[in-house]
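If you use the working numbering, the sequence shown closes out at 78, no skipped numbers anywhere.
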Amino acid sequence: GEVGLSGEIRAVSQLGARVQEAAQLGFSRCLVPKIDLDNWSGAPPELPLDGISTVGEALRAVGLKEKR
Numbered sequence: 011g012e013v014g015l016s017g018e019i020r021a022v023s024q025l026g027a028r029v030q031e032a033a034q035l036g037f038s039r040c041l042v043p044k045i046d047l048d049n050w051s052g053a054p055p056e057l058p059l060d061g062i063s064t065v066g067e068a069l070r071a072v073g074l075k076e077k078r
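Here you go:
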């Protein structure tokens, strides 16, 4: 997704195509904008998808701590 100045993760276009490309490149997991995941209507994704709303959530999802 796109990252806003305050750390929010914004929706992207063509999420299905992006996930498919990530799978072809060998990724094993995708962090995607939660808004896009909530509205997912396509075929089941090829990768596990984790919906995130902020950069902090993304850091926690990959096991890093957010610095303040």
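We put the CB at the ideal spot given by N, CA and C, even for glycine. Fair warning: this is a prediction, and the values are worked out from it, not measured in the lab.
Residue 29 carries a helical assignment under DSSP once its states are collapsed to helix, strand and coil. In terms of CA proximity to residue 67, 19 leads the group 23, 19, 14, 56. Collapsing the DSSP output to three states places residue 66 in a helix.
About 12 Å separates the Cβ atoms of residue 11 and residue 29, ruling out a contact at the 8 Å cut-off. With 16 or more other Cβ atoms from the protein chains shown falling within 10 Å of its own Cβ, residue 42 counts as buried.
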